[in-house]
Amino acid sequence: FNMTLKKPYIVWSFSFLVCMVCSLELEFTGSLNQWARFLQWDPNLNGNLSFQFRTNMTDSFLLYLDDGGRCDYLKMVVSDSQVQLHVMMHCAVPLKLRAGRKVHNNAWHSVEVSVLFKNVTLTVHGETVHGEVSTVGQYLRVNSNLFVGGIPAEEKARRLHLDKVAPPFKGFVANLKYGNMAVSPINSHQVRSVAPRSCALENPCQNGGICFVNQEGTLCDCYNTGFHGRYCTE
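Start counting the sequence shown at 11; every next residue gets the next number (my numbering).
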């Protein structure tokens, strides 16, 4: 048995596990010059795109990526307090999907996008809508970085589909993932990183309640404690 052959595998597995469970929360102030840039999301290779957000804005810019400003693109905005997704392939008529209701209520909302060939699925807080892009092409061709919350000024001039950009996003974006892999920004401007919520750092549970974290924050499981309420104090 050769332990030297196992060490790289063990280290790699541990690093992968850390990325699988890590989370990052970004705060956007609504500045005209704000943006966060992520590595390219390729729906043909990286799986679904998912994240959570909360805002009090009825209209704002969420995210964007394209093929360098030529034709194909994917854009997501908040419009009339719904999440709206635009997808264009091979210069055809863009597909538009809408999901969610009253997402400006400053509560956390989960979003997931799947693009499988021409078939597009948008899920917002459990509501799922489907659509098919009308095109002779077979898949979404994108090669740009993913921009969240806004786009750098020098990039806007290169993008053909940003003539009507929604107002900059104001609120929080958390747990951005490509498939099961959490991703962090390459760089950003006027965006603040917020420490992820953790029971180790913030455990408000009383009377033997068990702390856990979900999209709403830190909560408590009061089973078998004889108490109830958010923090097992009632």
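Virtual Cβ for every residue (Gly too), placed ideally from N, Cα, C.
Between the CA atoms of residue 221 and residue 243 - distance to the nearest angstrom: As a position in the sequence shown, residue 243 is number 233, starting the count at 1. As a position in the sequence shown, residue 221 is number 211, starting the count at 1. Rounded to whole angstroms, residue 243 to residue 221 spans 13 Å at the Cα level.
Tell me the DSSP secondary structure of residue 128 in three-state form. In the sequence shown, residue 128 corresponds to position 118, counting from 1. Three-state DSSP puts residue 128 in coil, outside helix and strand.
Same chain only: Cβ atoms within 8 Å of residue 27, ignoring 5 sequence neighbours per side: Sequence index remark: in the sequence shown, residue 27 carries index 17 (1-based). Here residue 27 scores only 32 on pLDDT, less than 50, and its place in the model is too uncertain to base an answer on.
Leaving out five residues before and five after residue 235 in sequence, what residues of the same chain have Cβ atoms less than 7 Å from its Cβ? Residue numbering aside, residue 235 sits at position 225 when the sequence shown is read from its first letter. These residues qualify, in order along the chain: 217, 218, 219 and 242.
Inter-residue spacing [alpha-carbon to alpha-carbon] between residue 32 and residue 47: Counting from one through the sequence shown, the residue named residue 32 turns up at place 22. Counting from one through the sequence shown, the residue named residue 47 turns up at place 37. Because residue 32 carries a pLDDT of 45, less than 50, the predicted location of this residue cannot be relied on, and the following value inherits that uncertainty. Spanning the two alpha carbons is a distance of roughly 18 Å.
Cα separation between residue 5 and residue 90? Residue 5 cannot be examined here, being either before or after the span of the chain that is shown, 11 to 244.
Roughly how many whole angstroms lie between the Cα atoms of residue 229 and residue 239? Along the sequence shown, read from residue 1 onward, the residue named residue 229 stands at position 219. Along the sequence shown, read from residue 1 onward, the residue named residue 239 stands at position 229. Going from the Cα of residue 229 to the Cα of residue 239 covers about 10 Å.
By a C-beta neighbour count over all protein chains shown, 10 Å radius and 16 as the cutoff for buried, is residue 233 buried or exposed? Here residue 233 refers to the residue found at position 223 of the sequence shown. So residue 233 counts as exposed.
When you compare only the Cα positions, how much space is there between residue 177 and residue 127? The sequence position of residue 177 within the sequence shown is 167, counting from 1. The sequence position of residue 127 within the sequence shown is 117, counting from 1. The alpha-carbon atoms of residue 177 and residue 127 are separated by roughly 30 Å.
Delimiting residues of the alpha helix (DSSP H) encompassing residue 165: The residue labelled residue 165 in the question sits at position 155 within the sequence shown. Note, residue 165: alpha helix (DSSP H), 163-166.
Return the residue from the list 96, 92, 183 and 108 that minimises the CA-CA distance to residue 81. Within the sequence shown, the letter at position 71 stands for residue 81. Checked all of 96, 92, 183 and 108; the closest Cα to residue 81 is 96.
Quick one: is residue 80 near chain B, going by C-beta distance under 9 Å? Protein chain content of the structure displayed is limited to a single chain, and chain B is not contained in it.
CA-to-CA distance, residue 112 to residue 167, given in whole angstroms: As a position in the sequence shown, residue 167 is number 157, starting the count at 1. As a position in the sequence shown, residue 112 is number 102, starting the count at 1. Cα-Cα distance, rounded: 32 Å.
Opening and closing residue of the beta strand (DSSP E) in which residue 86 lies: Working through the sequence shown from its first residue, we reach residue 86 at position 76. Residue 86 -> beta strand (DSSP E) spans 83-89.
Along the chain, where does the beta strand (DSSP E) that runs through residue 62 open and close? For the purposes of this step, residue 62 is taken as the residue at position 52 of the sequence shown. It spans 59-65 - the beta strand (DSSP E) in which residue 62 sits, taken as one unbroken run.
Return the chain-ordered list of same chain residues with a C-beta closer than 7 Å to the C-beta of residue 56, the five sequence neighbours on each side being excluded. Walking along the sequence shown from the start, residue 56 turns up at place 46. Hits under 7 Å: 188 and 189.
Using a Cβ distance threshold of 8 Å, determine whether the region 193-206 contacts the region 100-111, with at least three qualifying pairs required. no
Whole-angstrom distance between residue 74 and residue 165, CA atom to CA atom: Your numbering for residue 165 matches position 155 in the sequence shown. Your numbering for residue 74 matches position 64 in the sequence shown. Rounded to the nearest angstrom, the two C-alpha atoms are 11 Å apart.
Could you have a look at residue 243 and say whether DSSP puts it in helix, strand or coil? Here residue 243 corresponds to residue number 233 of the sequence shown, with the count starting at 1. DSSP places residue 243 in coil when its eight states are reduced to three.
Taking the beta strand (DSSP E) that residue 154 belongs to, which residues open and close that run? For this step, residue 154 is matched to residue 144 along the sequence shown. Careful: residue 154 lies outside any beta strand (DSSP E) and carries neither H nor E.
N- and C-terminal bounds of the beta strand (DSSP E) containing residue 118: Counting from 1 along the sequence shown, the entry for residue 118 is found at position 108. First-last for residue 118: undefined, no H or E at that position.
Taking the alpha carbon of residue 186 as the point to measure from, which residue in 163, 44, 160 and 156 has its own alpha carbon closest? Counting from 1 along the sequence shown, the entry for residue 186 is found at position 176. Out of 163, 44, 160 and 156, 156 has the C-alpha closest to the C-alpha of residue 186.
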